[in-house]
Every structure is written in C-alpha cells, then in structure tokens.
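Engineer: Residue numbers (the working numbering): 89 to 424. Handing you this structure, nothing more for now.
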Ligand SMILES: Cc1cc2nc3c(=O)[nH]c(=O)nc-3n(C[C@H](O)[C@H](O)[C@H](O)COP(=O)(O)O)c2cc1C
C-alpha cells in the first residue's frame, strides 16, 4: 500500500515489475494497461505486441467474419505466451458463432460491449472465461456487475468509436462508477499518457483501456493514411456524430460533414442509414479513404504525435506513470 497526500492506493510498488492491483491480478499482466478492441485496427499483431510488452492486448472481433476471428486468435496464441483477450460488440449479427469460436479456441479473457451483459456472461463464466463489460454510466455498470462480470470498463465521452448517449466525460464517469460498484473499474476515453493513467487511478480506476493511442501504432491494422491523420489531428477535430443512429465520435472529414448537414436539415434514421451505407468504416480506417470513409477516433488524438511500436507505447506510458507517481504535482511547492 502506498500513500500520496494521505490517500491510500490499492497497489504495491517496489519497482516496475512488482506493480500489483486487482486488474493486474485478474488478467495476470505486468501493467494495468489494456489495448482496446477496435474494429479495423486491432488484429493479432497489435494484441500480441501489447501482451508481449506486459499489457493486455485485445483482438477486436467486431470487423471480422467468424473464420477470420479464428485465424486471428490462432495467430495471437502463436505470437505470445502471455494473456490476451477478445472484444465482442454484442450486437454483431454472427455473435453466437464468434462466441463459440472463442470458447473452442480456449480464449480466457473477453471484453463485451454494445449490448446486454446478461445475455452471454454466464456462458463465458461456465467456460472459465474472465468477462469485462464496457459501460458509459453507473446504471449500466451496476447491470454488468449483477450479470456476473469480473470487471468493468467505464468509457467516457472523449472516447473514439461508439459512445454513450448521456455524454458523461471520463473525469465524471470514473468516480461515479467507482462509487457504484465493488468490482474493479478500468478507465477509458481520452487516455494516452502516463500522467493520464495516474489521474484515472487517483480517481479510483485500477487500470486503463486505451484505443486511439494504439490506432497510431506500427502493429495496428488500420491504414497508414488513417494513422497519419490521427497523429496530425488537432484539438476540436473530432465530434460526436450519428446521434439518431448509434452515437459515434468521428474525425471531421468530408463524410462527417455530409452527416452533419443531413442531421441539421432533420434527416430521419432511414436517410442517415442510407448515407452511411455499407462498409464506411472499412473504407476509412482500413482502406485509407480519408474523404469518403468513416474515421472513428477519440479526442486524445490531439495529444498524439507519432506512430510508435505498440511495445514502446506501453513502455513510455508506464515510465511516465512512474515518474508522475514520484512527482504528481507540477510547479508546486509546499510551504510550512
Ligand atoms: C478505431 C476505433 C475502433 C473501435 N472499435 C471498437 C469496437 O469494435 N468495440 C468496442 O468495444 N470499442 C471500440 N472502440 C472503442 C475502444 O474500445 C475504446 O474504449 C476507446 O477507444 C477508448 O477511448 P480512446 O480512444 O480515447 O482511447 C473503438 C475505438 C476506435 C478509436
């Protein structure tokens, strides 16, 4: 147990290798840094690189056909002996096939999102799988806890990708969810640096899930055009869009402007769906069409300035976290 300014933290630090809290214990990892499951970005290469670096890598199943998912799981098993997991957006049409593949392939950790945690959690648990559900409010956090989840990702409004309708920011969401549930809380949304990890943990989170930071990694399967756009993005260049369908934080490109115009003149759901069409996300993030594609990314893209190896990202974040722990306040002295 360490204490900073009178606050006890549920972690033990002697050196970097000996960090331990409920999140590192749950997944058997060195650092409480989780690389988010992300469509068109997080395949086996990224997941295994993060796991090999001591974090937890997740394969994003949401953009994969079932047999493609099987291949990614098998390649990930071959590329790392460390724990890794799979993210399942539960609204995926082939979700039952996906889940069976994960069970058959011996996946041990699953992060579920975008759906009711009650539907699948007990099946996972019966198969010895650790289950974490992603939520955007305390109400949903309690539901996930009641469904038997082992931990929760609380994802704030800053986050890239699909977002909660209530628009609660990470800064408010984390303390609220930590107060509401007893299982470990993993903070997500707007986190890319070690000091941000520290801030989330001071608020009671026991780990972080980072998405946008890992989009701009060498191992991410996202297109290089998208990665470049992400690291070039400035503050204010993402906004929540498609609120009438499923709210999603997007980079402001030509496609985004078309959606904005349609929404401003009161386009209904059907028109928005038509405009969205098929495979927009693939076109933007995987094929690199920066005008016509859907570019999901978080506000924190404004802080990113390089495409790095995923292992280096984990290392840098952890180094800055440890430095922050030793000197939490900048430009401050205490006067007797
Ligand atoms: C390109 C992209 C794709 C994403 N796809 C998914 C997904 O398939 N499933 C999911 O649960 N969350 C998805 N997310 C959200 C992330 O899992 C994560 O919670 C979020 O990125 C955290 O916020 P940050 O981007 O500020 O780090 C995606 C995010 C991005 C940026």
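Ideal placement from N, C-alpha and C gives every residue a C-beta, glycine not left out. Note that this is a predicted model, so its numbers are computed, not measured.
First and last residue of the alpha helix (DSSP H) that includes residue 85?
Structural biologist: Absent from the model: residue 85. The displayed extent of the chain is 89 to 424, so no value can be given.
Engineer: Roughly how many angstroms separate the alpha carbons of residue 91 and residue 294, rounded to a whole number?
Structural biologist: Confidence at residue 91 is low in this model, with a pLDDT of 47, below 50, so its placement is unreliable and the value that follows should be read with caution. The straight-line gap from Cα to Cα measures roughly 15 Å.
Engineer: Quick check: the Cα distance between residue 104 and residue 409, rounded to an integer number of angstroms?
Structural biologist: Because the pLDDT of residue 104 is 47, which lies under 50, any placement of that residue in the model is unreliable, and the number read from its coordinates should be weighed accordingly. Residue 104 and residue 409: Cα-Cα distance of roughly 10 Å.
Engineer: Taking 7 Å as the line, does the beta carbon of residue 320 fall inside it for any heavy atom of ligand 1?
Structural biologist: Residue 320: no, Cβ never under 7 Å from ligand 1.
Engineer: Could you compute how far the alpha carbon of residue 384 sits from the alpha carbon of residue 336?
Structural biologist: So the alpha carbons of these two residues sit roughly 7 Å apart.
Engineer: Can we count residue 279 as close to ligand 1, meaning its CB is less than 7 Å from some heavy atom?
Structural biologist: Checking the Cβ of residue 279 against ligand 1 gives yes.
Engineer: I'd like to confirm the pairing. Which residues does DSSP put opposite residue 392 in its beta bridges?
Structural biologist: Looking at the DSSP assignment, residue 392 forms no beta bridge with any residue, so it has no partner.
Engineer: With respect to the beta strand (DSSP E) encompassing residue 123, which residues constitute its N-terminal and C-terminal limits?
Structural biologist: Looking at the DSSP string, the run of the beta strand (DSSP E) that includes residue 123 is 121-123.
Engineer: If distances are taken between C-alpha atoms only, which option among 181, 390 and 366 comes closest to residue 380?
Structural biologist: Nearest of 181, 390 and 366 to residue 380, Cα basis: 366.
Engineer: I want to know whether the stretch 310-327 touches the stretch 336-347 - three or more CB-CB distances under 8 Å.
Structural biologist: Verdict: yes, contact present.
Engineer: How many angstroms separate the CA atom of residue 99 from the CA atom of residue 123?
Structural biologist: Because residue 99 sits at a pLDDT of 48, beneath the cut-off of 50, its placement in the model cannot be relied upon, and the following sentence gives the value as read from the coordinates. The straight-line gap from Cα to Cα measures roughly 21 Å.
Engineer: Between the stretch 133-148 and the stretch 270-278, are three or more C-beta pairs nearer than 8 Å?
Structural biologist: Flag = no, the stretch 133-148 and the stretch 270-278 do not touch.
Engineer: Whole-angstrom Cβ separation of residue 240 and residue 265, contact assumed at under 8 Å?
Structural biologist: 7 Å between Cβ atoms; contact.
Engineer: Considering only heavy atoms of ligand 1, does any lie closer than 7 Å to the CB of residue 224?
Structural biologist: Checking the Cβ of residue 224 against ligand 1 gives no.
Engineer: Decide if residue 169 is buried, meaning its Cβ has at least 16 other Cβ atoms within 10 Å, or exposed.
Structural biologist: Per the 10 Å Cβ criterion, exposed.
Engineer: Taking all protein chains shown into account, do 16 or more other C-beta atoms lie within 10 angstroms of the C-beta of residue 133, making it buried, or fewer, making it exposed?
Structural biologist: Under this definition residue 133 is a buried residue.
Engineer: Please name the residue in 362, 369, 279 and 166 whose C-alpha comes closest to that of residue 386.
Structural biologist: For the residues 362, 369, 279 and 166, the minimum Cα distance to residue 386 belongs to 279.
Engineer: Can you name the start and end residues of the beta strand (DSSP E) that residue 147 belongs to?
Structural biologist: Its beta strand (DSSP E) spans residues 144-148.
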